[in-house]
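Numbering (the UniProt record's numbering), first residue to last: 1 to 840.
Glycine included, C-beta positions come from ideal geometry on N, C-alpha and C.
All values reported here derive from a predicted model rather than from experimental measurement.
Take a look at the structure set out below.
Okay, structure coming up:
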């Protein structure tokens with residue numbers, strides 16, 4: 001992916017083409033990218049992705065190519081190998097490392113630039129690895145990088161964002177690479193000047209690993225006996241412990257205990273404070289201070305007796321090289337060691353036993369306390385030198401004594417003494433010679449007088465001591481006599497105790513024999529129960545096997561039965577299909593004439609309705625347009641169909657309705673159930689239409705039985721009013737109708753909706769209509785009221801249009817049912833009158 005991006009940049013002119021440089025400047029520019037601190041493509045890429053650090057920008061916040069340093073890229077799956085032109089040469093790598101140490105690290109605070117320098121040094125090591133460079137140049141660069149990591153362990157240990165684990169991981173990788181470089185160079189006959197120093201650092205970084213110490217013995221003799229290695233091996237030996245807790249599930253990754261360990265912690269801290277220990281070696285040991293001090297406090301807790309006086313905390317602070325008394329007291333509280341403040345100064349109560357287990361009280365934490373900077377033991381060894389001088393090993397002189405194999409480090413003159421924490425220097429004063437002689441004579445006289453007074457005091461002291469000795473001897477004789485008496489009493493008591501113990505031993509042996517006998521009986525009983533359980537288990541397994549066998553047999557029988565049943569069902573299905581086929585053929589043969597007759601009847605009825613409609617229109621047009629006829633439209637149209645007749649009939653209907661409302665009585669509470677009871681209204685309809693039906697039968701041509709239908713028109717079958725009609729008239733759920741058969745004719749009551757299609761037969765048989773005005777909510781706006789009456793008017797218009805389509809001029813009585821709105825009954829009747837006037 002990066003190859004394609006680089007090629008695109010070359011094609012667009014952002015980078016020069018290394019194969020075909022068009023100008024000398026481009027060729028020089030490309031050659032410069034090979035030795036620069038950062039490739040040009042990476043600069044453009046990170047600038048575009050906003051991944052530049054503040055150290056790589058100028059004062060205006062823009063990218064500065066002179067300050068950009070190649071970043072570390074982690075190797076991962078799917079990531080392409082870097083281009084050869086992006087890998088820096090050894091000279092470029094050394095130049096980049098010099099820039100990081102002498103410019104970035106020197107001109108900025110370590111806390112601010114640590115992450116940047118750490119990442120860029122990883123990139124330098126990565127480029128050395130990609131080129132497989134293992135020469136003196138690589139060794140020099142890796143040594144300086146290792147010193148940088150060692151310094152960070154001391155300088156950055158108290159920074160919140162600093163990760164001690166990650167820093168130690170990178171340091172161990174650098175030191176491991178250095179050991180491999182030294183081995184490879186030795187095979188080529190090349191010796192490195194600083195090999196012993198960094199092998200010592202590698203030994204101190206694995207201070208609890210015994211294999212590292214054994215591996216050091218295989219080094220060449222001049223490396224093994226070098227003062228660096230000698231001192232590192234001695235520090236390694238003094239750091240071992242034999243009181244570490246054993247490794248358990250809750251204490252994983254604990255170092256192993258060392259048998260016959262010295263636990264000589266005071267000598268260890270004195271050796272670190274000695275001038276022979278360098279600053280970097282002290283920084284390496286500072287990482288282990290928390291663990292060493294924990295082992296020392298644990299050893300003190302066992303060594304000091306609880307009955308003795310408490311140990312002053314200041315003494316322990318100086319022995320274990322704590323910076324402050326507060327630091328020591330905090331770790332004592334962490335480990336659960338009690339502190340006594342009754343003497344005016346803090347004292348430590350070592351050797352306190354647990355009241356029940358009688359073990360020494362020492363609480364083992366899950367992890368050691370965090371590392372802190374040692375300002376009294378490690379920091380003075382820096383001697384005012386800068387980080388650049390320490391990393392580059394400048395201004396440090398090592399003096400080696402060939403006879404004693406000891407070394408000393410000459411620090412700058414302004415450095416404070418490193419062992420100031422252990423010894424306090426007495427102040428000195430310069431005086432003139434005369435005063436000095438007089439003081440010396442005076443001092444001698446005072447010394448003579450003090451000698452005489454001490455001699456007299458010594459004689460008096462001898463007399464007192466002689467008397468004390470005599471009194472002590474007399475007291476001792478009395479005490480011995482008392483001791484003899486007490487000894488005799490003690491012997492008698494011991495004899496009694498032995499007799500009592502012997503008696504108890506015999507009782508215990510009897511009890512043990514009884515217990516052994518009972519245990520044997522219990523064992524025999526358990527064995528019998530075990531045999532019984534095994535027999536029961538075996539019987540259960542046999543029963544289970546028998547049940548499984550029966551179950552398999554039953555399953556096999558059921559499977560066979562299922563197959564038999566399926567065969568029977570398949571045979572029955574085949575027979576059933578054959579019967580259906582024969583029945584369809586029979587029905588087709590038998591019912592085809594009947595269907596033809598029904599279709600002919602329906603066609604004849606439709607033709608009759610069409611002829612009736614044509615005659616009605618013909619008579620109407622004849623009376624209007626015939627110039628030879630003296631009849632007009634008012635003479636042809638009956639009185640009840642004129643507007644005056646419609647208004648008269650509607651007003652009479654409203655008067656009858658008001659009269660009925662005035663005389664109606666409210667039903668009682670116990671009569672509410674009768675409203676929903678089903679009734680047979682055909683019993684009331686039959687006597688009223690019988691005569692008309694007889695007259696109709698005389699005029700009818702065919703001999704079919706007459707039909708009379710009552711339509712109940714509702715807007716929707718799901719309304720409460722529709723449900724009441726269905727229950728009151730006894731309609732069925734499928735066709736919403738009910739038929740009553742009589743000898744002369746049949747009466748059918750049917751519910752219709754605006755979506756129902758009225759066939760011509762139904763229109764011919766229609767005798768009356770019940771038009772239901774549906775219920776509505778009580779509070780309505782004027783717009784909702786207008787919409788309500790408009791919808792019902794459209795429904796009534798459609799119903800009358802369907803009737804007029806098949807039977808124009810047919811007169812059918814219509815009964816309107818309604819629910820009063822929020823106004824009153826009179827207003828509802830007036831609105832109904834408007835609808836009726838517009839439809840009749």
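Put simply, the backbone Cα of residue 390 is about 44 Å away from that of residue 340. For residue 536, no pairing in a beta bridge is given by DSSP. By the criterion of a C-beta distance shorter than 6 Å, residue 749 is surrounded in its chain by 710, 729, 738, once the five residues flanking it on both sides are discounted.
Pairwise C-beta distances place the segment 344-361 out of contact with the segment 109-120, as fewer than three of them are shorter than 8 Å. If the five residues before and after residue 719 are omitted, its C-beta is found closer than 8 Å to the C-beta atoms of 774, 775, all from its own chain and listed in chain order.
Between the segment 213-233 and the segment 299-319 there are fewer than three inter-stretch CB-CB distances shorter than 8 Å, so the stretches are not counted as touching. Residue 373 is not bridged by DSSP to any residue.
Residue burial annotation: residue 176 is exposed, with fewer than 16 other C-beta atoms found within 10 angstroms of its C-beta. Here the alpha carbon of residue 330 sits roughly 22 Å from the alpha carbon of residue 268.
According to DSSP, residue 347 shares a beta bridge with 312, 340. Contact annotation: residue 236 and residue 204 have beta-carbon atoms nearer than 8 Å. DSSP places residue 685 in the helix class (H, G or I) of the three-state scheme. With contacts defined by Cβ atoms closer than 8 Å, residue 747 and residue 807 do not form a contacting pair. Checking the DSSP bridge columns, you'll see residue 739 partnered with 748. Taking a contact as a CB-CB distance under 8 Å, the pair residue 144 and residue 72 does not count as one, their CB atoms being some 17 Å apart. Per the coordinates, the alpha-carbon of residue 527 lies some 16 Å from the alpha-carbon of residue 538.
Secondary structure of residue 129 (DSSP, three-state): helix. Judged by DSSP in its simplified three-state form, residue 753 adopts coil rather than helix or strand.
According to DSSP, residue pairing for residue 707 in a beta bridge involves 746. For residue 765 and residue 708, the gap between their C-alpha atoms comes out near 5 Å. A distance of 8 Å or more separates the beta carbons of residue 605 and residue 705. In this structure, the alpha-carbon of residue 583 lies about 13 Å from that of residue 592. For residue 324, the closest alpha carbon among the candidates 312, 374, 273, 148 is that of 374. With contact defined as three or more Cβ pairs closer than 8 Å, the segment 90-109 and the segment 129-149 are in contact.
Within the model, the alpha-carbon separation for residue 61 versus residue 54 is close to 8 Å. Closest option to residue 742, judged by alpha-carbon separation, among 763, 694, 784: 694.
DSSP places residue 57 within a strand segment (E or B) once states are collapsed to three. Taking 8 Å as the cut-off, the Cβ atoms of residue 816 and residue 771 count as close. Going by DSSP, residue 725 is part of the alpha helix (DSSP H) stretching over 720-729.
Residue 58 has its alpha-carbon roughly 49 Å from the corresponding atom of residue 254. Per DSSP, reduced to three states, the secondary structure at residue 780 is coil, with no helix or strand assignment. The alpha-carbon of residue 130 is positioned some 22 Å away from that of residue 149. For residue 770, the beta-bridge partners assigned by DSSP are 712, 815. Pairing residue 285 with residue 272 gives a Cβ-Cβ distance under 8 Å.
DSSP, read as helix, strand or coil, puts residue 63 in strand.
For residue 799, the closest C-alpha among the options 754, 692, 153, 781 is that of 754.
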